[in-house]
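**Q**
Number of protein chains: 2
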Amino acid sequence: MAMKGKCIVAQSGGPTAVINASACGVIQEALKTPCITGVFGAHNGVLGVLTEDIFDVGREKPEQVELLKSSPSAALGSCRYKLKDLETSKADYERILDVFRAHDIRYFFYIGGNDSMDTAHKLSILAARESYELIVMGVPKTIDNDLAFTDHCPGYGSVAKYVSTIAMEAGRDTEALYTHDTATVMEVMGRNAGWIAASTGVAHRTAEDAPHLIYLPEIPFSVEKFVADCKKVYKELGRVFVVAGEGINDGQGNYVAEQKGPFAKDSFGHTQLGGVAETLKGIVQKEVGIKCRYIVMGTAQRNGIHFASKVDRDEAYLVGQKAVQLAADGTTGYMVTLERVSKEPYRCETGLAKLEDVANGEKMVPREFINEEGNGVTQGMKEYVVPLMQGEVKIKMGKDGLPDYTRFRRHNLSKKCTARA
Amino acid sequence: MAMKGKCIVAQSGGPTAVINASACGVIQEALKTPCITGVFGAHNGVLGVLTEDIFDVGREKPEQVELLKSSPSAALGSCRYKLKDLETSKADYERILDVFRAHDIRYFFYIGGNDSMDTAHKLSILAARESYELIVMGVPKTIDNDLAFTDHCPGYGSVAKYVSTIAMEAGRDTEALYTHDTATVMEVMGRNAGWIAASTGVAHRTAEDAPHLIYLPEIPFSVEKFVADCKKVYKELGRVFVVAGEGINDGQGNYVAEQKGPFAKDSFGHTQLGGVAETLKGIVQKEVGIKCRYIVMGTAQRNGIHFASKVDRDEAYLVGQKAVQLAADGTTGYMVTLERVSKEPYRCETGLAKLEDVANGEKMVPREFINEEGNGVTQGMKEYVVPLMQGEVKIKMGKDGLPDYTRFRRHNLSKKCTARA
Numbered sequence: 001m002a003m004k005g006k007c008i009v010a011q012s013g014g015p016t017a018v019i020n021a022s023a024c025g026v027i028q029e030a031l032k033t034p035c036i037t038g039v040f041g042a043h044n045g046v047l048g049v050l051t052e053d054i055f056d057v058g059r060e061k062p063e064q065v066e067l068l069k070s071s072p073s074a075a076l077g078s079c080r081y082k083l084k085d086l087e088t089s090k091a092d093y094e095r096i097l098d099v100f101r102a103h104d105i106r107y108f109f110y111i112g113g114n115d116s117m118d119t120a121h122k123l124s125i126l127a128a129r130e131s132y133e134l135i136v137m138g139v140p141k142t143i144d145n146d147l148a149f150t151d152h153c154p155g156y157g158s159v160a161k162y163v164s165t166i167a168m169e170a171g172r173d174t175e176a177l178y179t180h181d182t183a184t185v186m187e188v189m190g191r192n193a194g195w196i197a198a199s200t201g202v203a204h205r206t207a208e209d210a211p212h213l214i215y216l217p218e219i220p221f222s223v224e225k226f227v228a229d230c231k232k233v234y235k236e237l238g239r240v241f242v243v244a245g246e247g248i249n250d251g252q253g254n255y256v257a258e259q260k261g262p263f264a265k266d267s268f269g270h271t272q273l274g275g276v277a278e279t280l281k282g283i284v285q286k287e288v289g290i291k292c293r294y295i296v297m298g299t300a301q302r303n304g305i306h307f308a309s310k311v312d313r314d315e316a317y318l319v320g321q322k323a324v325q326l327a328a329d330g331t332t333g334y335m336v337t338l339e340r341v342s343k344e345p346y347r348c349e350t351g352l353a354k355l356e357d358v359a360n361g362e363k364m365v366p367r368e369f370i371n372e373e374g375n376g377v378t379q380g381m382k383e384y385v386v387p388l389m390q391g392e393v394k395i396k397m398g399k400d401g402l403p404d405y406t407r408f409r410r411h412n413l414s415k416k417c418t419a420r421a
Numbered sequence: 422m423a424m425k426g427k428c429i430v431a432q433s434g435g436p437t438a439v440i441n442a443s444a445c446g447v448i449q450e451a452l453k454t455p456c457i458t459g460v461f462g463a464h465n466g467v468l469g470v471l472t473e474d475i476f477d478v479g480r481e482k483p484e485q486v487e488l489l490k491s492s493p494s495a496a497l498g499s500c501r502y503k504l505k506d507l508e509t510s511k512a513d514y515e516r517i518l519d520v521f522r523a524h525d526i527r528y529f530f531y532i533g534g535n536d537s538m539d540t541a542h543k544l545s546i547l548a549a550r551e552s553y554e555l556i557v558m559g560v561p562k563t564i565d566n567d568l569a570f571t572d573h574c575p576g577y578g579s580v581a582k583y584v585s586t587i588a589m590e591a592g593r594d595t596e597a598l599y600t601h602d603t604a605t606v607m608e609v610m611g612r613n614a615g616w617i618a619a620s621t622g623v624a625h626r627t628a629e630d631a632p633h634l635i636y637l638p639e640i641p642f643s644v645e646k647f648v649a650d651c652k653k654v655y656k657e658l659g660r661v662f663v664v665a666g667e668g669i670n671d672g673q674g675n676y677v678a679e680q681k682g683p684f685a686k687d688s689f690g691h692t693q694l695g696g697v698a699e700t701l702k703g704i705v706q707k708e709v710g711i712k713c714r715y716i717v718m719g720t721a722q723r724n725g726i727h728f729a730s731k732v733d734r735d736e737a738y739l740v741g742q743k744a745v746q747l748a749a750d751g752t753t754g755y756m757v758t759l760e761r762v763s764k765e766p767y768r769c770e771t772g773l774a775k776l777e778d779v780a781n782g783e784k785m786v787p788r789e790f791i792n793e794e795g796n797g798v799t800q801g802m803k804e805y806v807v808p809l810m811q812g813e814v815k816i817k818m819g820k821d822g823l824p825d826y827t828r829f830r831r832h833n834l835s836k837k838c839t840a841r842a
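The listed protein sequences correspond, in order, to chains R and G.
Here the first sequence stands for residues 1 to 421, where the numbers follow our numbering.
Here the second sequence stands for residues 422 to 842, where the numbers follow our numbering.
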């Protein structure tokens, strides 16, 4: 018989266009699952659990919950709060368990990337150690598409579709004004893995179509090669449009653009990147001798629900829904994965991967998806990503011509937790 | 009786999401106008006329012409080639007239901003002086919305809708991750006039909604005031989202971010701007002491047909179509304007303004559209722009999940022109 108790759903890490669809899948499924006696949200991921900032999702208006399917960013709030190993962050893990106990939380659904799966995994270890019955399920989310043990990650298909469209549109600008604005560099996200940059290869349908050159963190970046590449394209087309992942580096840990100062590192110890576009622009103007513009989409790229992929959005919902169904059946300690069971026609089913395996894995763009020269992608890469970019998401529009996105009212629970003796 | 002859249509200046819709209006109307005996395009605006790089639009596939309505950037090619006054640039103007004579061009439709209207105006003066019968009509286009004698400019409604949506979406990112990425600065286009920045005020539906602060070139920018504004919003909301026009300055000709070096000025003598977002980010991090991200949409913002305004697109078509109808009736030396004949419900009709008047005018955001503090907009500004942002443009989608945009084949005419004796 399924364990009775309440659940918490939380979102963590960088938002995506469809992480709310996953939350919607969890919430709508949990609300109709008999063994789940209450559906709560933690505000800002584990931070909300730690501070007992928990709200009753059951009290949100159903139409606002439904609107999650077409609302960007993380409606529950997100965080980048890093829990370390069980010994170092012992107080945090125990605090979480205490809060769970106080509110009779028996199900925890964590939507996030590998850092979040790591947190979820360690929490489930501690719960077992303290004999607190808790079901922990991970729901994958990352625009970076770098989670191991899953064919791809919800959030990726939408960012791929959006940045590829932007590259196509801005590419037409460079094409129209090449006598004046001859080059354009577009910087996209991807700290270690170049999946987002690689996806824009789909927009390069013909030699004329932007982007003409694509650089990924997986391939050591050489200024000399870059300049030669730009000169070659410029000679052929009279213009050049470049896409570069924010994490491009020389292969020896030196990033093309590394920010200095007090904000150089985030709380996971990752180097904060930026300025790749400006750096490359400077190189193009100086070394190639043509005027260059640049585009830094920043956080706008990962929230583009206004032009998201329906396949991605629907899969994001599915993994959330499935996590609840599996949890109700007693499954714990796993992340729901996506398995491509058919390439043509594309068909995906859900699978499972152990949280600890996902936590420690990282999936880079394989070498065979990158062209020999290391400045573009192969047909294999395009065939991988195209099915993930299909269809459009219908957006609710307001009277002012702009989208209506949901915002939760967050009816907070009264704080019940007392400090552990 | 209407003058018989061929026509040339050309596009100039920065592309927009809907400048092709105007070209479509001109082309489709010209093709069915009996007195117009041939419809040609000049590749890259007047540059194409000067180099006799002219192609037969009548030989493009009708479905590719129709696709102009949902294709971004300038499909005919654009330029920033500056023709000065009739004496200084005499050779250029005479060359244009010679090319027109050689191909029996009797109608010239120039789609562009005030620099283009200036060129068109001077050309019509020269034609009259040389007794060459020529009808010259201007078709307004600019995302900057700074043309005088028209209620608004085609291209503006679409960029307004798109950047406002981006501000809304990226604003939700800052809202979700405020504990980590507390501030975001988004830079938008607008060298002298802050119309684009001002439009994002529509996204600020409630105090919570981004953008919380908006800075326009019309209001002298003070770093002290900016820091105080950010601190105030941060205190109230725990986050801050800023939109800044690229041309913000201290009111005495000093721009917040001015590029140096050989690419500092374009051929019109305008200072090339960029780096506003990075500069403001630095100020926020240093003076407010919170982490700040930035977004530079660059040329992507003016080509966002994937989320353009249908009202804007339809009006862009209308002004092109109307220019041909008026030309066929003998009107010359005018630009088609848009007149808002009713506010509620919104209704626009076309009007006319003399090319020379438009050439010398520039319309800034009026003071009453900007709030007292100079860091946001008024209800009046919102009421002005909201009707221009209504409806979505249907895009033709390809099998790869990305849009299909038109690209002309450009069947060039044989060069007939011999140099003037």
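Heads up, the beta-carbon is just placed ideally off N, CA and C, and yes, glycines get one too.
#1: For G/Gly459 and G/Tyr738, which I take to be in contact (beta-carbon distance under 8 Å), what is that distance rounded to the nearest angstrom?
#2: Check for me: the alpha helix (DSSP H) holding G/Gln811 runs from which residue to which?
#3: In chain R, which residues lie with their C-beta within 7 Å of the C-beta of G/Gly368?
#4: Does the beta carbon of R/Tyr294 come closer than 9 Å to any beta carbon on chain G?
#5: Going by other Cβ atoms of all chains shown within 10 Å of its Cβ, with 16 needed for buried, is G/Ser443 buried or exposed?
#6: I want to verify the contact list: residues of chain G whose CB lies under 7 Å from the CB of R/Asn114, in sequence order.
#7: Give every residue of the same chain whose Cβ lies closer than 7 Å to the Cβ of R/Lys396, excluding the five residues on either side of it in the sequence, and list them in chain order.
#8: Does R/Lys4 come out as helix, strand or coil in the three-state DSSP assignment?
#9: Which one or two residues does DSSP pair with G/Asp477 in a beta bridge?
#10: Are the segment 741–751 of chain G and the segment 554–566 of chain G touching, with three or more C-beta to C-beta distances below 8 Å?
#11: Note down, in chain order, all residues in the segment 142–153 of chain R with a beta-carbon under 9 Å from any beta-carbon belonging to chain G.
#12: For the putative contact between G/Asp650 and G/Gly611, defined by C-beta atoms under 8 Å, what is the C-beta separation to the nearest angstrom?
#13: Given a threshold of 16 other Cβ atoms within 10 Å of its Cβ, counted over all protein chains shown, does R/Ser414 qualify as buried or as exposed?
#14: DSSP on R/Thr350, reduced to helix/strand/coil?
#15: Consider the Cβ of G/Cys500: report whether some Cβ of chain R lies at a distance smaller than 9 Å.
#16: May I ask which residues mark the beginning and end of the alpha helix (DSSP H) holding R/Ile196?
#17: Would you list the one or two residues that DSSP bridges to R/Ser342?
#18: For the alpha helix (DSSP H) holding G/Gly666, just list the boundary residues, first then last.
#19: Could you check the C-alpha separation between R/Met117 and G/Asn724 for me, to the nearest Å?
#20: Using beta carbons (cut-off 9 Å, strictly below), is R/His411 in contact with chain G?
#21: Using the three-state DSSP reduction, which class does R/Met381 fall into: helix, strand or coil?
#22: Where does the unbroken beta strand (DSSP E) through R/Val202 begin, and where does it stop?
#23: Less than 9 Å between the beta carbons of R/Gly333 and R/Glu133, yes or no?
#24: What residues match up with G/Ile517 in a beta bridge as DSSP calls it?
#25: Got a sec, what are the start and stop residues for the alpha helix (DSSP H) G/Cys651 sits in?
#26: If I measure Cβ to Cβ from R/Gly398 and keep anything under 6 Å in the same chain, skipping five residues before and after, which residues do I get?
#27: Using Cβ-Cβ distances below 7 Å, what residues of the segment 44–69 of chain R are close to chain G?
#28: Quick one: what's R/Val288 bridged to in DSSP?
#29: Expressed to the nearest angstrom, what Euclidean distance is found between the alpha-carbon atoms of R/Gly261 and G/Val762?
#30: Beta-carbon separation of R/Lys161 and R/Phe55 under 9 Å?
#31: Hey, does R/Thr378 have any beta-carbon neighbour from chain G nearer than 9 Å?
#32: Between which two residues does the alpha helix (DSSP H) carrying G/Leu634 extend?
#33: Is there at least one Cβ from chain R nearer than 9 Å to G/Thr720's Cβ?
#34: Is G/Tyr715 closer than 9 Å to G/Met589 when the C-beta atoms are compared?
#35: Bridge partners of G/Lys604, per DSSP?
#36: If you check the beta carbons only, do R/Gln64 and R/Arg409 fall under 9 Å apart?
**A** The structure says:
#1: Numbered from its first residue, the second sequence carries residue 459 of chain G at position 38. Numbered from its first residue, the second sequence carries residue 738 of chain G at position 317. The pair is not a contact, with the Cβ atoms about 22 Å apart (cut-off 8 Å).
#2: In the second sequence, counting from the first residue as 1, residue 811 of chain G sits at position 390. Run containing G/Gln811: none; DSSP gives neither H nor E here.
#3: Nothing can be reported for residue 368 of chain G: it is not among the residues displayed for chain G, which extend from 422 to 842.
#4: Here residue 294 of chain R corresponds to residue number 294 of the first sequence, with the count starting at 1. Using a Cβ-Cβ cut-off of 9 Å, R/Tyr294 counts as an interface residue toward chain G, since at least one Cβ of chain G sits closer than that to its own.
#5: Indexing the second sequence from 1 puts residue 443 of chain G at position 22. G/Ser443 should be labelled buried.
#6: As a first step, residue 114 of chain R is located in the first sequence; it is residue number 114 there, counting from the start. Using a Cβ-Cβ cut-off of 7 Å, R/Asn114 is close to nothing in chain G; its nearest Cβ partner there is about 17 Å away.
#7: Locating residue 396 of chain R in the first sequence gives position 396, where the first residue counts as 1. Leu67, Ser70, Pro403 and Asp404, listed in sequence order.
#8: Position 4 of the first sequence, counting from 1, holds the residue named residue 4 of chain R. Here R/Lys4 sits in coil by DSSP.
#9: Numbered from its first residue, the second sequence carries residue 477 of chain G at position 56. As a beta-bridge residue in DSSP terms, G/Asp477 pairs with G/Phe461.
#10: The answer is yes - the segment 554–566 of chain G touches the segment 741–751 of chain G, with three or more Cβ pairs under 8 Å.
#11: Within the segment 142–153 of chain R, no residue has a Cβ that lies closer than 9 Å to any Cβ of chain G.
#12: Stepping through the second sequence from its first residue, residue 650 of chain G is reached at position 229. Stepping through the second sequence from its first residue, residue 611 of chain G is reached at position 190. Incorrect: roughly 19 Å between the Cβ atoms, too far for contact.
#13: Here residue 414 of chain R is taken as the residue at index 414 of the first sequence, counted from 1. Classification of R/Ser414: exposed, given that the 10 Å Cβ count is below 16.
#14: As a working mapping, residue 350 of chain R is identified with position 350 in the first sequence. Here DSSP, grouped into helix, strand and coil, assigns R/Thr350 to strand.
#15: For the purposes of this step, residue 500 of chain G is identified with residue 79 of the second sequence, where counting begins at 1. Taking CB atoms only, G/Cys500 has a neighbour in chain R less than 9 Å away.
#16: The residue labelled residue 196 of chain R in the question sits at position 196 within the first sequence. According to the DSSP assignment, R/Ile196 belongs to the alpha helix (DSSP H) that extends over Trp195 to Ser199.
#17: Against the first sequence, residue 342 of chain R aligns to sequence position 342. In the DSSP assignment, R/Ser342 forms a beta bridge with R/Arg347.
#18: Your numbering for residue 666 of chain G matches position 245 in the second sequence. Where G/Gly666 is concerned, there is no enclosing alpha helix (DSSP H), although the beta strand (DSSP E) it sits in stretches over Val661 to Gly666.
#19: The residue labelled residue 117 of chain R in the question sits at position 117 within the first sequence. The residue labelled residue 724 of chain G in the question sits at position 303 within the second sequence. CA-to-CA, the gap between R/Met117 and G/Asn724 works out to about 39 Å.
#20: Along the first sequence, one-based indexing puts residue 411 of chain R at 411. With respect to chain G, the C-beta atom of R/His411 has no partner C-beta closer than 9 Å.
#21: Residue numbering aside, residue 381 of chain R sits at position 381 when the first sequence is read from its first letter. Helix.
#22: Along the first sequence, read from residue 1 onward, the residue named residue 202 of chain R stands at position 202. No beta strand (DSSP E) contains R/Val202, which DSSP labels as neither H nor E.
#23: Here residue 333 of chain R refers to the residue found at position 333 of the first sequence. Here residue 133 of chain R refers to the residue found at position 133 of the first sequence. Going by C-beta atoms, R/Gly333 is not nearer than 9 Å to R/Glu133.
#24: Residue 517 of chain G sits at position 96 when you count from the first residue of the second sequence. In the DSSP secondary-structure assignment, G/Ile517 is not bridged to any residue.
#25: What you label residue 651 of chain G is simply residue 230 of the second sequence in a count that begins at 1. G/Cys651: member of the alpha helix (DSSP H) spanning Val644 to Leu658, first to last residue.
#26: The count along the first sequence starts at 1 and reaches residue 398 of chain R at position 398. For R/Gly398, where only same-chain residues beyond five positions count, the Cβ hits under 6 Å are Asp404.
#27: So the close ones are Asn44 and Leu47.
#28: Translated into positions along the first sequence, residue 288 of chain R becomes position 288. DSSP lists no partner for R/Val288.
#29: Here the question's residue 261 of chain R lines up with position 261 in the first sequence. Here the question's residue 762 of chain G lines up with position 341 in the second sequence. Unreliable positioning characterises R/Gly261 in this predicted model, as indicated by a pLDDT of 43, which lies under 50. A coordinate reading is not provided.
#30: For this step, residue 161 of chain R is matched to residue 161 along the first sequence. For this step, residue 55 of chain R is matched to residue 55 along the first sequence. The Cβ-Cβ distance between R/Lys161 and R/Phe55 does not fall below 9 Å.
#31: Counting from 1 along the first sequence, the entry for residue 378 of chain R is found at position 378. Not an interface residue.
#32: Sequence index remark: in the second sequence, residue 634 of chain G carries index 213 (1-based). No alpha helix (DSSP H) contains G/Leu634, which is instead part of the beta strand (DSSP E) from Leu634 to Tyr636.
#33: In the second sequence, residue 720 of chain G corresponds to position 299, counting from 1. G/Thr720 counts as touching chain R.
#34: By 1-based counting over the second sequence, the position of residue 589 of chain G is 168. By 1-based counting over the second sequence, the position of residue 715 of chain G is 294. Taking 9 Å as the cut-off, the beta carbon of G/Met589 is found no closer than this to the beta carbon of G/Tyr715.
#35: Within the second sequence, residue 604 of chain G is the residue found at index 183, counting from 1. Checking the sequence, you will find Ala at residue 604 of chain G rather than Lys. According to DSSP, which records beta bridges pairwise, G/Ala604 is partnered with G/Val661 and G/Cys713.
#36: If you number the first sequence from 1, residue 64 of chain R lands on position 64. If you number the first sequence from 1, residue 409 of chain R lands on position 409. Going by C-beta atoms, R/Gln64 is nearer than 9 Å to R/Arg409.
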